[in-house]
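Protein chains in written order, with the numbering used here: chain A, 15 to 24; chain B, 37 to 246.
Think of the CB as a built atom: it goes at the ideal place given N, C-alpha and C, for glycine as much as any other residue.
Quick caveat: nothing in here was measured; it's all calculated off a predicted structure.
Below is one structure, written out as structure tokens, with a few remarks after it.
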């Protein structure tokens, strides 16, 4: 499986 | 989004624009470390690659594009347009001593061993120390223009406000990102000595001396 980390900060 | 995060972002934006306007208006980049500015351009480039893969919000996208654009504009002004005013002799910090360890660390300690995530981690680690060539330059020459100290203050304030943002997010959202937090603490600590001088001396004496 592919882990996609989403970073919502700048 | 909370008030600390928003004011942190705006403080960051203010810092970037203050520097850009300072160089543009004075037609000079004297006292500014081109190396730090190149590092910040690398930081934004490697961190915001997710502009190509995911959409978070219009705010998020706009700020990223502005940060990247301003970072490259600053580098252009220093190394091309106003190159004659660039004080390269005093900008002698060895950036490889930052980039190489930071690169190694980002491969070793990250959330996920994937190219984009490693580059994001690299940008977080690099940002925490990217100001060192600038601080080194000021300590070497022993002075900084008042406007440069305003730039540094806004830049330091930004990461300090992000620390409060992370405390907020931990309590109210159960969110925490250990890599960002540890790097953010390191980054903020690097500014502490400067904050102290800015408050005790910077407001009253000019030019600013360490």
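Original post:
Applying a beta-carbon distance threshold of less than 7 Å, which residues of chain A neighbour residue 90 of chain B?
Top reply: Residues of chain A passing the Cβ test: 20.
Original post:
Does DSSP put residue 209 of chain B in a helix, in a strand, or in coil?
Top reply: If DSSP states are grouped into helix, strand and coil, residue 209 of chain B belongs with the helices.
Subject >> Among B:211, B:199 and B:235, the one whose alpha carbon lies nearest that of residue 218 of chain B >> reply: B:199
**OP:** For residue 131 of chain B, count neighbouring Cβ atoms within 10 angstroms of its own Cβ and tell me buried if that reaches 16, exposed if not.
**Re:** The residue in question, residue 131 of chain B, is buried, as its Cβ has 16 or more Cβ neighbours within 10 Å.
Original post:
With burial defined as no fewer than 16 other Cβ atoms inside 10 Å of the residue's Cβ, what is the status of residue 106 of chain B: buried or exposed?
Top reply: buried
**OP:** For chain A, find out if any of its Cβ atoms is closer than 8 Å to the Cβ of residue 156 of chain B; answer yes or no.
**Re:** At a cut-off of 8 Å between C-beta atoms, residue 156 of chain B counts as an interface residue with respect to chain A.
Original post:
To which residues of the same chain is residue 41 of chain B closer than 6 Å at the C-beta, ignoring the five residues directly before and after it?
Top reply: 201
Original post:
Does residue 108 of chain B get closer than 8 Å to chain A when you measure Cβ to Cβ?
Top reply: no
Original post:
Under three-state DSSP, which class holds residue 163 of chain B?
Top reply: helix
**OP:** Give a yes or no on whether the minimum CB-CB distance between residue 38 of chain B and chain A is below 8 Å.
**Re:** no
**OP:** Could you give the DSSP three-state label for residue 132 of chain B: helix, strand or coil?
**Re:** helix
Original post:
According to DSSP, which residues form a beta bridge with residue 196 of chain B?
Top reply: Residue 196 of chain B pairs with nothing; no bridge assigned.
Subject >> C-beta neighbour in chain A for residue 103 of chain B, strict 8 Å >> reply: yes
Original post:
According to DSSP, is residue 179 of chain B helix, strand or coil?
Top reply: strand
**OP:** Determine whether the Cβ of residue 86 of chain B lies closer than 8 Å to any Cβ atom of chain A.
**Re:** yes
Subject >> Segment contact, 8 Å Cβ cut-off, at least three pairs: the segment 170 to 183 of chain B with the segment 59 to 70 of chain B >> reply: yes
Original post:
Beta carbon of residue 122 of chain B, beta carbon of residue 141 of chain B: below 8 Å?
Top reply: no
Original post:
If you count every other CB in all the chains shown that lies within 10 Å of the CB of residue 169 of chain B, and 16 or more means buried, which is it?
Top reply: Burial check for residue 169 of chain B: the Cβ neighbour count within 10 Å reaches 16 or more, so the residue is buried.
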